[in-house]
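Right, one structure below, let's go through it.
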Amino acid sequence: MSVDIGMDIIATKNNKLFSLQVKTSNLLSGNSYVFDMRKVSLERDYAGNVFYVFVMIHSNGLRSALILTANKIDELIDSNAIKEIKSHEKFRVTLKIRKEKIYIGTLDNPIDYYWNNWNIIK
1 MSVDIGMDII ATKNNKLFSL QVKTSNLLSG NSYVFDMRKV SLERDYAGNV
51 FYVFVMIHSN GLRSALILTA NKIDELIDSN AIKEIKSHEK FRVTLKIRKE
101 KIYIGTLDNP IDYYWNNWNI IK
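Under my numbering, think of the first position of the sequence shown as 1, with each following residue one higher.
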């Protein structure tokens, strides 16, 4: 089991602190991208603005990212779009791209606004 504790990137801009947790996934056989997040990484208090960046490596080698705020992560957990894996103390994020749209969890949860929208980090 990996020991991934803490933020991957911490930066400042204009006296504001930004914390980023980056996760990466290749395209899986179910035509989706799967990311696991340890519960402990969501429970820690970090100063500044916290963002989660889910990097998808597409079959053609290109990459794209879904950028979510900590508040959006909480909202998606509450709505069950991000699944809790109780037996392993983690959450699972499943992303699917269909017809140039991106969905989280199921095809009932479009999340296009956050796809490659780096302006969210401000």
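We put the beta carbon where it would ideally sit given N, CA and C, even for glycine.
query, result
"Alpha-carbon spacing of N109 relative to S87, whole angstroms", "25 angstroms"
"Cβ-Cβ separation, I73 to Y52 (assumed contact under 8 angstroms), whole Å", "6 angstroms"
"Bridge partners - I77, DSSP secondary structure assignment", "DSSP lists no partner for I77."
"Proximal residues to K23 (C-beta, below 6 angstroms), its chain only, five neighbours per side dropped", "F35, F54"
"Distance between beta carbons of N116 and A81, contact taken as under 8 angstroms", "Going by Cβ atoms, the distance from A81 to N116 rounds to 19 angstroms, so no, they are not a contact pair."
"Paired residues, beta bridge with W123 - DSSP", "One cannot answer for residue 123 here, as it falls past the ends of the chain, which runs 1 to 122."
"K90 and M37 closer than 8 angstroms at C-beta", "yes"
"Burial state of T94 (16 or more Cβ within 10 Å)", "buried"
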